[in-house]
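*Asks:* Residue numbers (our numbering): 646 to 969. Using N, Cα and C, we set each Cβ at its ideal position, and we do this for glycine too.
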Ligand code: NAP
Ligand code: GDP
């Protein structure tokens, strides 16, 4: 930790604090002893400040006077929402990120940890992908808007360090899932959308419709694991260069295997249909966690089947409040 952090307890502002990753960080801070004595943690939602708007961004920073920022707020969605709204993803995220980073700089925030994503990596590449390869070629066409906006965070972080000595950095999680995800059929990410579809198919006695062939491969990380790693990055990780937060390459699996885990978790015994008229998106984006493992060789990831079971249980028990 830097000297300023030691001198005064942190006041941490978490943008996007009401979402999947934000709620997981809140859990780790409040329920797992993640908050140290004297620290103040504030979890923002868009209801308190629309960070696309510079005046609202400045006002919320004025109100909470953070020393540290975890920047999660973003327009987020699954493959099929990206394909419909690439321009919207680009413009909203460029503005949110510039407002948060520049306001952090103007107010003297010591450290910002922002969130990139493994789907911003080049489409035509060698595998596994590592942190040095983010800008080596265009991203997959399906999410070019989101990807270019996210890549600019890394460029801005370099700029704030080069010109102002600011230690602003970013993490790169692979596909995240967990409680408080967006379970919307059309707009959610694959696991949450399929949990909801499986739940509905079981209730209605209809087949489960999986979109695409089920052959694309993904590395999934449980939101609580992301949250625990975020706290480590905030307190201990000192590089400007980003770090991939992921399970190992050997844990990458085809979507159809994850579908079976969801069916098991929800005790769905019906037919599973793959709708190959829908896009598969990126076939794989295998990420290396070698850098993370050099820092944290012993970090234990939640096994996928266990995380899926916990998330399905949360969804069933919280159906009334879940984002559907
Ligand atoms: P999420 O559940 O959709 O949450 C998004 C958060 O951003 C919510 O708190 C939302 O607030 C806030 N937000 C959206 N637009 C905003 C605006 N205009 N002003 C202020 N706040 C706004 O998404 P998530 O999965 O937690 O994503 C968190 C971060 O992780 C994002 O930066 C995302 O790109 C990154 N990430 C996600 C994944 C994944 O698989 N989910 C993978 C890699 C990286 P309200 O809900 O109050 O509107
Ligand atoms: P990505 O990992 O960035 O591509 O985003 P997603 O989390 O949306 O995952 C997309 C992958 O899951 C594609 O291969 C889709 O074909 C597959 N998939 C299967 N069923 C669904 C579904 O119901 N919703 C979504 N979003 N993806 C699905």
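If you measure from the CB of residue 886, is any heavy atom of ligand 1 nearer than 7 Å?
*Replies:* With a cut-off of 7 Å, the C-beta of residue 886 is classified as distant from ligand 1, since no heavy atom of the ligand falls inside that distance.
*Asks:* Classify residue 953 as buried or exposed, calling it buried when 16 or more other Cβ atoms lie within 10 Å of its own Cβ.
*Replies:* buried
*Asks:* Tell me the DSSP secondary structure of residue 805 in three-state form.
*Replies:* helix
*Asks:* From residue 833 to residue 968, what does the alpha carbon distance come to, in whole angstroms?
*Replies:* 9 Å
*Asks:* Rounding to the nearest angstrom, what Cα-Cα distance links residue 860 and residue 804 in this structure?
*Replies:* 39 Å
*Asks:* Report back the beta-carbon spacing between residue 658 and residue 711 to the nearest angstrom; my notes put them in contact at under 8 Å.
*Replies:* 4 Å
*Asks:* Please name the residue in 788, 864, 727, 846 whose C-alpha comes closest to that of residue 820.
*Replies:* 864
*Asks:* In whole angstroms, give me the CA-to-CA distance for residue 815 and residue 670.
*Replies:* About 16 Å.
*Asks:* Helix or strand or just coil, what does DSSP make of residue 742?
*Replies:* Residue 742: helix per DSSP, three-state reduction.
*Asks:* Please list the terminal residues of the continuous alpha helix (DSSP H) segment that includes residue 726.
*Replies:* Here the alpha helix (DSSP H) through residue 726 covers 724 to 729.
*Asks:* Short of 8 Å in beta carbon distance, which residues of its chain neighbour residue 782, apart from the five on each side in sequence? Order them along the chain.
*Replies:* 767, 768, 769, 770
*Asks:* At a cut-off of 7 Å, would you count residue 673 as near ligand 1, judging by its Cβ distance to the nearest heavy atom?
*Replies:* Not one heavy atom of ligand 1 lies closer than 7 Å to the C-beta of residue 673.
*Asks:* Any chance the CB of residue 709 is under 7 Å from a heavy atom of ligand 2?
*Replies:* no
*Asks:* On the premise that residue 809 lies in contact with residue 756, defined as a C-beta separation below 8 Å, what is that separation, rounded to the nearest angstrom?
*Replies:* Going by Cβ atoms, the distance from residue 756 to residue 809 rounds to 13 Å, so no, they are not a contact pair.
*Asks:* With three or more beta-carbon pairs closer than 8 Å as the criterion, would you say the segment 721 to 739 touches the segment 825 to 832?
*Replies:* Contact check between the segment 721 to 739 and the segment 825 to 832: three or more CB pairs, one atom from each, fall below 8 Å, which counts as touching.
*Asks:* Could you give the first and the last residue of the continuous alpha helix (DSSP H) run that contains residue 670?
*Replies:* Start and end: 665 to 676.
*Asks:* In terms of residues, what are the limits of the beta strand (DSSP E) holding residue 815?
*Replies:* 812 to 818
*Asks:* Of the residues 772, 956, 794, which one's Cα is nearest the Cα of residue 733?
*Replies:* 794
*Asks:* When DSSP labels each residue in this structure, what does residue 685 get in the three-state scheme?
*Replies:* strand
*Asks:* With a threshold of 7 Å, establish whether the CB of residue 601 neighbours any heavy atom of ligand 2.
*Replies:* Past the edges of the chain, shown from 646 to 969, lies residue 601, and the structure says nothing about it.
*Asks:* Closest to residue 798 by CA distance: which of 741, 932, 867, 774 is it?
*Replies:* 741
*Asks:* How many angstroms separate the CA atom of residue 690 from the CA atom of residue 871?
*Replies:* 19 Å
*Asks:* Exposed or buried, which one is residue 891 when buried takes at least 16 other CB atoms within 10 Å?
*Replies:* By the neighbour-count rule (16 or more Cβ atoms within 10 Å), residue 891 is buried.
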